[in-house]
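S.K.:
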Amino acid sequence: MALFKRVPPEGQKGKISYNSGIVSGIVALAIKEVEGVELLAGKKKGLKLYFDKDGIYAEISVNADYGYSVPDVAFKIQQAVKHNVEAMTEYKVKRVDVYVVGVDFSQERIAEQ
Numbered sequence: 007m008a009l010f011k012r013v014p015p016e017g018q019k020g021k022i023s024y025n026s027g028i029v030s031g032i033v034a035l036a037i038k039e040v041e042g043v044e045l046l047a048g049k050k051k052g053l054k055l056y057f058d059k060d061g062i063y064a065e066i067s068v069n070a071d072y073g074y075s076v077p078d079v080a081f082k083i084q085q086a087v088k089h090n091v092e093a094m095t096e097y098k099v100k101r102v103d104v105y106v107v108g109v110d111f112s113q114e115r116i117a118e119q
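For what it's worth, our numbering labels the leading residue of the sequence shown as 7, then goes sequentially.
1. Between Met-7 and Tyr-24, what straight-line distance do the alpha-carbon atoms span, to the nearest angstrom?
2. Quick one: complete beta strand (DSSP E) runs, 3+ long, within the region 58-96?
3. Going by C-alpha to C-alpha distance, which of Val-33, Val-106 and Gly-73 sits closest to Ile-62?
4. Closest by CA to Tyr-74, which one among Val-43, Leu-53 and Lys-88?
5. Pull up the DSSP beta-bridge partners for Glu-44, would you.
6. Is Gly-20 helix, strand or coil by DSSP?
7. Give me the Cα-Cα distance between Lys-19 and Lys-59, rounded to the nearest whole angstrom.
8. Per DSSP, Lys-54 forms a beta bridge with which residues?
9. How many Å lie between Gln-85 and Val-109 at the Cα?
10. So does Val-29 have its beta carbon nearer than 7 Å to some heavy atom of the ligand SAH?
11. Helix, strand or coil for Lys-98, going by three-state DSSP, please let me know.
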């Protein structure tokens with residue numbers, strides 16, 4: 007399990023450490039906030055995070071519900087992930103790639119029009 011550390015600015019004592027699972031959980035919660043999509047089963051299948059000195063790069067695979075605009079939900083996912091990760095941690099999100107790999111046509115998931 008990876009552990010990512012952040013050393014605070016001059017004058018502050020201590021350090022902040024984030025486990026990669028923490029950031030993965032924040033991203034998964036951000037995706038749940040977006041209506042009309044569902045992360046692929048299992049976090050490891052639908053979510054890949056890469057930590058670099060420049061920031062976090064995310065690859066997210068989702069299924070969209072029938073009746074929702076794919077570009078709109080993908081953009082909302084990008085916004086939600088960037089906002090939540092940057093608000094809850096001090097990491098910067100450099101890129102969020104969203105892959106819509108399928109459409110869910112089941113009756114209970116169809117968008118009301």
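C-beta: ideal position from N, C-alpha, C; glycine also.
As the structure is a computational prediction, the values presented were derived from the model and not from experiment.
M.R.: For this structure:
1. Only weak support is given to the placement of Met-7: the predicted model assigns it a pLDDT of 42, under 50, and the question is left unresolved by the model.
2. 61-71
3. Taking each of Val-33, Val-106 and Gly-73 in turn and checking the Cα distance to Ile-62, the smallest one comes out for Val-33.
4. Val-43
5. Asn-69
6. Three-state result, Gly-20: coil.
7. 22 Å
8. Glu-65
9. 21 Å
10. For the structure depicted, the ligand SAH is absent and the ligand set is empty, with no information on it obtainable.
11. For Lys-98, the secondary structure class from DSSP, reduced to helix, strand or coil, is coil.
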